[in-house]
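According to my numbering, the sequence shown is numbered sequentially starting from 60.
All C-beta atoms, glycine included, are put in the ideal place defined by N, C-alpha and C.
Have a look at the structure below, then the notes.
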Amino acid sequence: MALKTLLLGTRDTIAGTVYGTIVVLSVVTAGAPAFEHGEWNLVVIGAVTVLVFWLAHVYAHILGESLHHGHRLTRGEVLTVARRELAIPLAAVLPMGAVALGALGVLGNTLALWIAVAIGVATLTIEGIRYARLENLSRGGTLVSVGVNLAFGMALVVLKATLSH
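This is the structure in structure tokens:
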């Protein structure tokens with residue numbers, strides 16, 4: 060599987076990529092103060108938060124699909140759900156990589172955080188465009204798709220900018 064596919068998802072994983080990106084943007088935004096008191100704190104907080112959300116998401120889907128199908132899911136079905144939802148933690152790789160570069164001192168803390176946010180916003184934009192193309196949406200539909208994704212991301216960017224100043 061190509062790195063692009065892993066990080067940006069597929070037709071089957073686009074929802075997890077969007078969800079994971081929003082989760083990691085939330086962590087970066089809310090966790091910015093932790094970054095200033097110990098550079099690795101935010102990396103750990105981000106990794107643990109995304110993994111917990113992924114596990115909770117997988118668990119919820121297993122429950123829902125089990126009830127929908129009227130039987131407990133087999134091990135194979137559980138693994139299929141977990142694999143499909145792996146897009147959630149994979150969406151955190153690039154933004155948290157930027158935060159880790161800040162923790163390592165390769166980037167300044169502020170720059171690392173803004174790069175992480177920019178990666179998240181770019182991912183949401185790309186996923187909005189991908190969705191529109193997969194659904195053969197018009198230009199207006201594409202703008203709505205991208206706009207909805209960006210509304211989530213930009214709300215977090217505005218929150219970060221407001222809290223940082």
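1) Would residue 179 pass as a contact of residue 84 if the rule is Cβ separation under 8 Å?
2) Just to confirm, is the Cβ distance from residue 162 to residue 87 under 8 Å?
3) DSSP state of residue 134, grouped into three classes?
4) Count the other CB atoms, across all protein chains shown, that sit within 10 Å of the CB of residue 182; report buried if there are 16 or more and exposed otherwise.
5) Judging by CA-CA distance, which residue of 186, 158, 211 is the nearest neighbour of residue 71?
6) Taking the Cβ atom as the reference point for each residue, do residue 210 and residue 200 lie within a distance shorter than 8 Å?
7) If you reduce the DSSP assignment to three classes, tell me which class residue 179 lands in.
8) Measuring straight from C-alpha to C-alpha, what distance separates residue 122 and residue 140?
9) Please classify residue 212: is it buried, with 16 or more other beta-carbons within 10 angstroms of its beta-carbon, or exposed?
10) Span of the alpha helix (DSSP H) holding residue 225?
11) Would the stretch 143-159 and the stretch 103-120 be scored as touching if the rule is three or more Cβ pairs under 8 Å?
Taking the geometry as given:
1) Contact flag set, yes.
2) Contact annotation: residue 162 and residue 87 have beta-carbon atoms that are not nearer than 8 Å.
3) Residue 134: helix per DSSP, three-state reduction.
4) With 16 or more other Cβ atoms within 10 Å, it is buried.
5) Checked all of 186, 158, 211; the closest Cα to residue 71 is 186.
6) Between residue 210 and residue 200, the gap from beta carbon to beta carbon reaches 8 Å or more.
7) Helix, per DSSP.
8) When rounded, the distance between both Cα atoms is 11 Å.
9) Under this definition residue 212 is a buried residue.
10) Look at the range of the chain in this structure, 60 to 224, and you will see that residue 225 is not part of it.
11) With a cut-off of 8 Å, the stretch 103-120 and the stretch 143-159 count as touching, because enough Cβ pairs lie within range.
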